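To keep things clear, I will list the structure first and then write my remarks on it.
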Amino acid sequence: MEAYPTAYTAHELPLLILSGLGDRPNAETSNQQAHRQDSGARLVTASAECTGDRSKLLLEQFSKQDGNREAWNAQTLPGPQAHLRYRLRTIGRNYNLPPRKAAPLPQSPSAEGFQSPQAVRELHSPLSPLSPGSPIYPDGVFTPLWLAKHQWQVPAVFLAFFELSSGDDTAQNEQIQIDINAIRTALARSGFKSRFAAVLMSDRSILHAPELEDRLSAIRRATTLDPKTGLFFMPPMTSQAEIGTFVQSMLATLQPLAVEYYRDLTKHARRKKARGGPSGPLTSPVDGGAHALSTPGWNVRYEFKQGVYAEFRQEMDVAERHYSDAIDNLFNAEGILETTPSWSPRWDEARLLCDVIALRVVRCQLWSGLTTSATRSWSNYRARVKDLVDRRGKGSQTYSWDAWESRWAEIMAQLIRRAALSSLQPTNTQTVEESVELTKVGIYAMPEKAVSASDRLPPFQMLHHPGYWLRLAVYSTRARREKAMAIPEEDCVPPGQSPASAVAYRAKSYDTYLVLDPHEEHPLARTNAFDHVAEITRLADSAAKEFAARGQVRASERLKLELSQLQANAGLFEQAMSTALPVWEECSWRETDWDELFVPLLLLVQECAVRCGNADAHLAVTLELMKLRPDVALDELPSLAEFMGVKWPNHEDITVHFENNQRLSPLVARFAFCDAETFVGEYVECQLSLSMIAVHRLRIAISSIQVNLSNGRSVLMTQKDEPKREAGSEALIDLSEMQDPGNDCMALEADLSMAGGERRTFSFYLSIRETGLMRVEDVTLMIKSPRFSIEHKITDLHDLQTRQTQVHNDGTIESRELPFSNTTMVTVHPKPPKVQIVLNGLRKHYYTDEHLAFGIQMINQEEEEVQVTAIASLIGSDADLPGPVWQSEDGGNENSTLNAGTIAAAASQTSILLVNAASTIIEYTIRVEISYILLSDPHTHLSKTANIELNLSAPFEAKFNFGPLLFVDPWPSYFDGSVGMDEEEPEGIPQKWRLGALIHSQATEGLSIKSIKLRKAEDVVDAVCSFSAAEGFDEQVLRQNEVARPTFELLSKKLSFEDRRPTSVELMLDVEWCRQADSPTVITGIIVPKLSLPTSEPRVLCTVIERKADDDPITLRYHLENPSNHFLTFAATMEANDDFAFSGPKYRTLSVAPLSRVHLTYHFLVHSDSSSTEHPLERVSPVLQVVDSYYNRPLRIHSGGAGVQVDEKGRLHILLQKGE
């Protein structure tokens, strides 16, 4: 777009002039000042400019709203419904507006000395075709000066800033009023409808200076400014956020005024077009009756103006419609392009205007996201212009047309870049080969919905990225160069040195639209000419970058190859070398075997390297040509050394270093381990194969080959001095006589000279001392001569692998397929151990807390003595468990590591491993690892492991029942003075309890139970608790599913009478047991559920008095205990029963004092004495209901001693025991 005036191609933004913040002219405003017409109205104010940090911050925030540098799309520059951006211009206090009307022409007076009134003509704009002083008078269509006037001179909004100090400053108020009224008067006098607004910047807010409100009111009244849209008050602001918010709010308020301003201009242009053009005579008496602008020309002007005004409003769809109508008016049968002679300068002006309008049409479509429509518009306009040039111009076979095509293609690329379409943005995360859809990497944009739903589009009509259009520009510029170079010499002579007929012939034959004349395009002296190569280089570099950014590497490389060929043909070998060298170093054609492109590139780099003196590049390229084109690589010289000596006689230090496939080489190396697996200390066969692909008589002598392994070792094979041998197609060289010394580098010697088409395989053996995975790290081929050196390092294991090995068979060499794929890797296993581990003392089941002992027998099956170390460890659990230890024979400290010493061949040794089982049910593993060395080979460590799986289970399962018992001794009394005298004696009421246990054996074999004891798991802090020994238990053997029923009595006593809280007791039941009588005992702890002992709740206990004879009545005693500090009243009711008769109160009310207990005694006589064998002990079930009178809550009856039982439902039963 640089070929067109800047005003023609710039995007239109509402012009906002800022007055009073300082004058900051930029390059664009200075450029427009040079084209200004005579000044019109002058805006002069006397107030001082606003200075200070706040003014700078304010101007900085306004600059952020400048959209002149933004992308041309609806996201960054939205329409009038959103937040508009502006073109900002800062001025001082004085400003000159351009004249709206041209000055009247001077007129001659009449004979009487007076001017005739009929001679007065209507005045028009200085840029109108009707004004004689206009550059387009009388038949021109348009001038960029009109656009520059609206872009940089006539504002949509004129915003003036004034400082307003606090206090009663009447003079300042009057000066502000005078300046505002002067600006408004000058704007009105100018004829332009620009809007005006003023900003008063105060040093204090109205809250802190109330007098400012009166001054603001006075300014509003004196200037008649609208307080909402014409006058703004800015209080003190220091932060950028506050100032930014103020600026955005103010611009949002002014936005409707700016849009309305351009709407008024649009209405004016529409009315003038509706009238069919200007009224009155179209020419001046002084123009000699020159041809005036036609009606289609006026329609073009009005349509273009309406499109520009719509673009100012950011209504791009409306602007596109007006621009399209303007193009149609230019191309129609009566249009300017059809009626104006092609030799007239006006025809070139019309073409230039048409190009600009077409550019704006494409820009509007890209703005709206109509990518396919933009591509069609670009193509259609190109076709229409080509048809026009062929019919009315000099034809499309001129260098001018090629220049136009190049320019038009570059314009499309520039428009796409400025539009910044999201679908065409490059991405570096994906290449084209890996892409499923080209749109994902920004290759082309998908068509808009309206087009894609109806048409089946060809690929060309998809909008491609800028690189595609720049490549079209490159091709057109190359065609321009070819046609320029074909200009006859007689047409290359300057006009001053040519006859008039030749000059006239050139004017008729050559089209110079936006291009140089023939003698400047391609002068005979070849100086001061248009640099076609530089232009092609610029376009090609830019296109290549676009292609490369989107992963289209081949297209980028092809462009650079063609560019370097062009530069070399032009004799610019330095430039050609700098262009071709990066392509040669990184091109993809080397890997994909595109010899049709790669060979020309190599030949080009080879030639440029010779001309530019780059010997290293020349040697590397020659090496690649030896593989692809051996017929031309060395110019028929017999060896590479002689070839380099001829080409570079004065160079002796030529070095080439490359890795893998960075360069092509006629030498190919392959490596293979003949076995996929081996053991430490054993030898593995290796084969290194070399082949010469190039088929010619040249022989290359390799100086050395180095193979680096992953374990730090290497194999170095050097050239062996021996007589020249005859070349053969294949050879297998056995180097097994050279034993591996076992050090870091194994040195081999062999004949490494290679001839074309020859293959040589070297076989040798390696001894490996380390276990694990060993692989080939790299193979380096080194070729050295007195003049040059070549180093080829191969690190890509895929290039080194080979599935075939060579073997001798009856005097011939055969290839055998290896049964594994990865031949550059060998798995080294540890040497198989021959010391065996036998585990003694294993059981099927293990129980918690058990002390385990295992006999670990180590049997030496090696052929010599071994030195053994045994390590026991715990694996398979993260818990903190006791680890295994070895039993010490001398009674010393036990450890998890055992130094077993030396074991003779065929001998054995047994050690005891002790394990304390965990206290919880868990599964884990005890690992026993034996590490030993042969006394003959102390550097090789061998190991053997054995695992002991421990699945611990609980030997017992227990259930518990808990209840109260009667404490037969008297309770302490408040009336006993001796109570509480001893501070260490507990004061509380003694209470007795019974804990019964039901212990089931879960062991598969019988366990001998030695004892069962009850102990406290935690100390009781608020009471004293004591336990009795287990009752009903004797030492016994408990088999599976058998039950033991021990019973314990607990006595609790609170430390203080005042402590009425329940006591919590945590107990543990310790069961001492062993597997056999002579085996060590084990104590297994069983957790008793937490017991809560209520010490202040009333309870009822029932006891029976033993009878002396069976016919004696049964005596029951009910004990009502009140351990609380309150008087309690109970109602006791004995229910009648058919099984017995009783004597005692049927109903009784009992009042129990605090910390006391009362007794109820009943005598029962059983009605029948059934003594059967099935029920040796009869029982009766008396029911005594005891109800708390206060709470009306019944109390449960508990068994207070022997002979009384309470079942699960809470019913009381009395066992009838016979007397002795």
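With the first letter of the sequence shown counted as 1, position 1193 gets the number 1193 in full-length UniProt numbering; the numbers rise by one all the way through.
All C-beta atoms, glycine included, are put in the ideal place defined by N, C-alpha and C.
If you're wondering where the values come from, they're calculated on a predicted model, not measured in any experiment.
Item	Value
In chain order, what residues of the same chain lie with their CB nearer than 8 Å to the CB of residue 1144, ignoring the 5 residues before and after it?	1134, 1160, 1161, 1162 and 1163
Pull up the distance between the alpha-carbon of residue 1140 and that of residue 1111, whole angstroms please.	13 Å
Quick one, are the C-beta atoms of residue 1194 and residue 1142 less than 9 Å apart?	no
Would you check if the distance between the CB atom of residue 913 and the CB atom of residue 851 is smaller than 9 Å?	no
Do the stretch 388-404 and the stretch 476-483 meet, that is, are 3 or more Cβ pairs less than 8 Å apart?	yes
Quick one: what's got a C-beta closer than 6 Å to residue 209's C-beta in the same chain, skipping five residues either side?	166
Across which residues does DSSP place residue 975 in a beta bridge pair?	In the DSSP output, where bridge partners are listed per residue, residue 975 has none listed.
In the DSSP assignment, find the beta strand (DSSP E) that holds residue 1039 and state where it starts and stops.	Per DSSP, residue 1039 belongs to no beta strand (DSSP E) and is neither H nor E.
How about residue 385 and residue 351: do their beta carbons lie closer than 9 Å?	yes
Measuring only the C-alpha atoms, how far is residue 719 from residue 733?	13 Å
Which stretch, first to last residue, makes up the alpha helix (DSSP H) that contains residue 380?	371-392
Can you tell me the Cα-Cα spacing of residue 205 and residue 181, whole angstroms?	25 Å
DSSP state of residue 937, grouped into three classes?	strand
Do you know offhand how far residue 539's Cα is from residue 157's?	41 Å
Using a Cβ-Cβ cut-off of 8 Å (strictly less than) and excluding sequence neighbours within five positions of residue 521, which residues of its own chain qualify?	399, 484, 487, 515, 529 and 530
From the DSSP secondary-structure annotation, give me the bridge partner or partners of residue 687.	672 and 763
Sorted by chain position, which residues of the same chain lie with C-beta nearer than 7 Å to residue 296's C-beta, five sequence neighbours on each side aside?	329, 332, 334, 335 and 336
Comparing alpha-carbon positions, which option in 512, 999 and 762 lies nearest residue 735?	762
On the CB-based measure, 16 or more other CB atoms within 10 Å of its CB, does residue 1173 come out buried or exposed?	Reliability of the predicted coordinates at residue 1173 is poor, the pLDDT of 45 falling under 50, and the value obtained from them is presented with this limitation in mind. That one is exposed.
Should residue 465 go down as buried or exposed, given a rule of 16 or more other Cβ atoms within 10 Å for buried?	buried
Can you give me the start and stop residues for the beta strand (DSSP E) that residue 716 sits inside?	714-719
Nearest-angstrom Cα distance between residue 1186 and residue 1197?	8 Å
Does the stretch 65-77 touch the stretch 361-376, meaning 3 or more C-beta pairs lie closer than 8 Å?	yes
Would you call the CB atoms of residue 463 and residue 409 closer than 9 Å?	no
Would you check if the stretch 1049-1067 and the stretch 983-992 touch, i.e. whether three or more CB-CB distances between them fall below 8 Å?	yes
May I ask you to report which of helix, strand or coil DSSP gives residue 1194?	strand
When the distance is taken between beta carbons, is residue 1190 closer than 9 Å to residue 1128?	yes
Decide if residue 185 is buried, meaning its Cβ has at least 16 other Cβ atoms within 10 Å, or exposed.	exposed
Rounded to whole angstroms, how far is the Cβ of residue 802 from the Cβ of residue 823, which I believe are closer than 8 Å?	6 Å
Counting C-beta neighbours from all protein chains within 10 Å, is the total for residue 302 16 or more, i.e. buried, or is it exposed?	buried
Give me whichever residues DSSP pairs with residue 261 in a beta bridge.	DSSP output for residue 261 lists no bridge partner at all.
Which whole-angstrom value is the C-beta distance of residue 1072 and residue 1083, which I expect to be below 8 Å?	5 Å
Smallest Cα separation from residue 615: which of 627, 600, 577 and 583?	577
So is residue 377 buried or exposed if we call it buried at 16+ other beta carbons inside 10 Å?	buried
Opposite residue 91 in the DSSP bridges: which residues?	19
Can at least three beta-carbon pairs, one atom from the stretch 737-753 and one from the stretch 661-681, be found at a separation below 8 Å?	no
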